[in-house]
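*Asks:*
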Amino acid sequence: MRSIDYESLWGDDVCSREHLSIADVLRSHPYLLVGGLVPPLVLVNTLLSRGEVHAGMSGGGRWQPIEITAAEYEEVVADLVRNGAHGRALRYIEPPAWVRDPEDWSLWIAEQAFSIPLAENRRFHELMATIRAAMDEAADRGDEDARVGHLVRLSAITTEWSAFINRHRRPPSE
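Residue numbering for the sequence shown is 3 to 176, as defined by the working numbering.
(1) In three-state terms, what does DSSP make of Arg-90?
(2) Check whether the Cβ atoms of Arg-169 and Phe-116 sit closer than 8 Å, and answer yes or no.
(3) Under DSSP, the beta strand (DSSP E) around Val-16 begins and ends at which residues?
(4) Just list the alpha helix (DSSP H) runs in the segment 112-151, keeping only unbroken ones of 4 residues or longer that don't cross its boundaries, in chain order.
(5) How do the segment 128-140 and the segment 149-163 stand: do at least 3 beta-carbon pairs fall below 8 Å, yes or no?
(6) Whole angstroms is fine: what's the gap from Ala-87's alpha carbon to Arg-93's?
(7) Quick one: Cα of Leu-43 to Cα of Pro-104, how far?
(8) Compute the beta-carbon to beta-carbon distance between Asn-47 and Ile-70, rounded to the nearest angstrom, for a pair I have assumed lies under 8 Å.
(9) Would a C-beta distance cut-off of 8 Å place Trp-65 and Asp-15 closer than the cut-off?
(10) Just list the residues that DSSP pairs Tyr-33 with in beta bridges.
(11) Would you list the residues sitting across from Ile-159 in a DSSP beta bridge?
(12) Hey, out of Leu-156, Leu-120, Ser-157 and Ser-30, whose CA is closest to Trp-100's CA?
(13) Helix, strand or coil for Glu-176, going by three-state DSSP, please let me know.
(14) Do you know how far the Cα of Arg-143 is from the Cα of Val-40?
(15) Look at the alpha carbon of Met-1 and the alpha carbon of Met-59, and state the distance between them as a whole number of angstroms.
(16) Is Glu-54 helix, strand or coil when you go by DSSP?
(17) Tell me Glu-9's beta-bridge partners as DSSP assigns them.
(18) Which residue comes first and which comes last in the alpha helix (DSSP H) that contains Val-79?
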């Protein structure tokens, strides 16, 4: 399996430099494998081609942007399924064709691993994205009253979304 030079980050500061396998790069992403499922090749290549991941207080990592082949991906999947991540077993389930990006993956994982109803979760995500876009447009126009109004609306919707998640969330299936 191919290995790459990897810098662990805390904020924008480099904490360490390592030479990691692609599987270990994926393991280093704090949220990618949280549902116990291995992401599809298209999502792995989306992540790897960015050359960095920032995960807020969980740190992040940086590397030279790359993409892997289908054959390399099979090696990565085999390693992840064989060795797991963060003390948890991993498995591969072929996602539906509509799972093409990190947002789709997060919605699908929420349903597959945590029993969050997909359609309603997607509705919340789309509504929050629309409000964020309106908030950004108001900021670009210099309309602070409109921006704050959108922020208040976003806060109310995220509170509603959080309650929805808490009502439906189940522990991940093993």
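Yeah, the Cβ is synthetic: ideal placement off N, Cα and C, and Gly gets one too.
*Replies:* To lay it out plainly:
(1) strand
(2) no
(3) 15-23
(4) 120-143
(5) They touch, by the three-pair rule.
(6) 11 Å
(7) 12 Å
(8) 6 Å
(9) Taking 8 Å as the Cβ cut-off, Trp-65 and Asp-15 do not qualify as a contacting pair.
(10) Paired residue(s): none; Tyr-33 is not in a bridge.
(11) Paired residues: none, contrary to the question.
(12) Looking at Leu-156, Leu-120, Ser-157 and Ser-30, the one whose alpha-carbon comes closest to that of Trp-100 is Leu-120.
(13) Only weak support is given to the placement of Glu-176: the predicted model assigns it a pLDDT of 48, under 50, and the value that follows is read from those uncertain coordinates. If DSSP states are grouped into helix, strand and coil, Glu-176 belongs with coil.
(14) 42 Å
(15) No answer is possible for residue 1: the residues shown for the chain start at 3 and end at 176.
(16) Of the three classes helix, strand and coil, the one that applies to Glu-54 here is strand, per DSSP.
(17) Arg-19 and Arg-64
(18) 72-85
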